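Residue numbers for the sequence shown follow our numbering, so the first one is 912 and each next one is one higher.
Heads up, the beta-carbon is just placed ideally off N, CA and C, and yes, glycines get one too.
Since the structure is predicted, the reported quantities are computational estimates derived from the model, not experimental observations.
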Amino acid sequence: PEETYQLSKRLWQQITVQSLAEKWQQLRKNQDAFWEQMVNNELAAKKALSPAAILALEKEYANKKLAAYIFPGRNLSLTVDADPQAEISSKETLAENLTSLTLSNGARVILAKSAGEEQKLQITAVSNKGDLSFPAQQKSLIALANKAVSGSGVGELSSSSLKRWSAENSVTMSSKVSGMNTLLSVSARTNNPEPGFQLINQRITHSTINDNIWASLQNAQIQALKTLDQRPAEKFAQQMY
């Protein structure tokens, strides 16, 4: 090992890129001017391309120009063009930094200045209907439906396209179903609030449920119930109370 080390140390100083290239050419017998095709059977060997065909193919793809990919939701407006814009019918100051507006379409809007990030606009739609408006046995179903809607697309956008669209327009959305209300919250940029209003508009008027997401949530719920049944303490508590 000592002799090998000393020999390697001495020869290492003599190795250059040019010398390696020359040795490689000698070993390859100058045949590395074209690519080799590795095949594992005779049938594949018969279909192998010649060196000239490979070079021609390389030039063809090198000169081929592909059109730039355009995301389908990039310039898509989610708001229906026919939607009329409501006007402010009345205005009332409720407290400092808290104003109540009544619009011509009957909607009531509360404007509240928050101490949060000034670059963000928070939009919250409140419905006076929650899970207590339905039979008790449907409460779990309502929670599942809310998850499915939240994970699905809106209007013409699929779930994945909506995520991309939201990221490009810097908007986020969440929903919560409580006993007496349903809250739909959207965060947008103050210098570009329109996507936030578009998104909340479409979530209310054109929500969709993706079949795969719904099936996944159903399966997760079934598995959770099976696990619950396997816990004696939980099962005993259910029967007692």
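Can you tell which of the options has the C-alpha that lies nearest to the C-alpha of residue i?
| i | options | result |
| --- | --- | --- |
| G1090 | S1070, I1133, P1046 and W1125 | P1046 |
| N1008 | A997, S1025, S1051 and E998 | S1025 |
| V1088 | S1044, S1069 and S1072 | S1044 |
| S1081 | N1102, I999 and K1040 | N1102 |
| I1124 | S1069, L960 and I1115 | S1069 |
| S1051 | I926, A1131, L960 and A959 | A1131 |
| L1022 | N974, E1003, I1115 and L1128 | E1003 |
| R1019 | S1071, I999 and I1133 | I999 |
| R1114 | Q1049, S1086 and A1126 | S1086 |
| I1153 | L1128, S1077 and D1122 | There is no way to answer for residue 1153, as the model of the chain reaches only from 912 to 1152. |
For the beta strand (DSSP E) containing residue i, list its first residue and its last residue.
| i | result |
| --- | --- |
| A1056 | Unbroken run through A1056 is the alpha helix (DSSP H), K1050 to G1062; no beta strand (DSSP E). |
| I999 | I999 to A1006 |
Might you give, ordered along the chain, the residues of its own chain that have their beta carbon closer than 7 Å to the beta carbon of residue i, omitting 5 neighbours on each side?
| i | result |
| --- | --- |
| L1073 | G1064 and V1065 |
| N1092 | V1037, S1038, N1039 and G1041 |
| A944 | Caution is warranted here: a pLDDT of 48 is assigned to A944, below 50, making its placement in the model unreliable, and the coordinate value is therefore given only provisionally. For A944, where only same-chain residues beyond five positions count, there are no Cβ hits under 7 Å. |
| A997 | L1014, S1015, N1016 and A1018 |
| P1106 | N1080, V1082 and A1099 |
| N986 | Low per-residue confidence applies at N986: pLDDT is 49, beneath 50, and the placement is therefore not dependable enough to give any value. |
| V1011 | First, the amino acid is wrong: residue 1011 is Ser here, not Val. The answer, listed in chain order, is E1003, L1005, R1019 and I1021. |
By Cβ distance below 6 Å, which residues in the same chain neighbour residue i in space, the five residues on each side in sequence not counted?
| i | result |
| --- | --- |
| L1136 | none |
| P983 | With a pLDDT of 48 at P983, under the threshold of 50, the predicted position of this residue should be treated as unreliable, though the coordinate-derived value follows. Here the set comprises nothing. |
Need the endpoints of the alpha helix (DSSP H) that residue i sits in, please.
| i | result |
| --- | --- |
| E1067 | First-last for E1067: undefined, no H or E at that position. |
| I1115 | E1105 to T1116 |
Beta-carbon within less than 8 Å of residue i's beta-carbon, same chain only, minus the 5 sequence neighbours each way: which residues are those?
| i | result |
| --- | --- |
| I1120 | A1056, A1059, V1060 and S1063 |
| T1035 | L1094, L1095, S1096 and V1097 |
| L1032 | S1098, A1099, R1100, T1101, P1104 and G1107 |
| S1001 | L1012 and T1013 |
| S1156 | Residue 1156 falls outside the range modelled here, since the chain spans only 912 to 1152, and no answer is possible. |
Checking the sheet assignment: what are the DSSP bridge partners for residue i?
| i | result |
| --- | --- |
| V1082 | BP columns for V1082 are empty, so no partner. |
| L1095 | A1036 and S1086 |
| I1021 | S1011 |
| R1100 | K1031 and N1103 |
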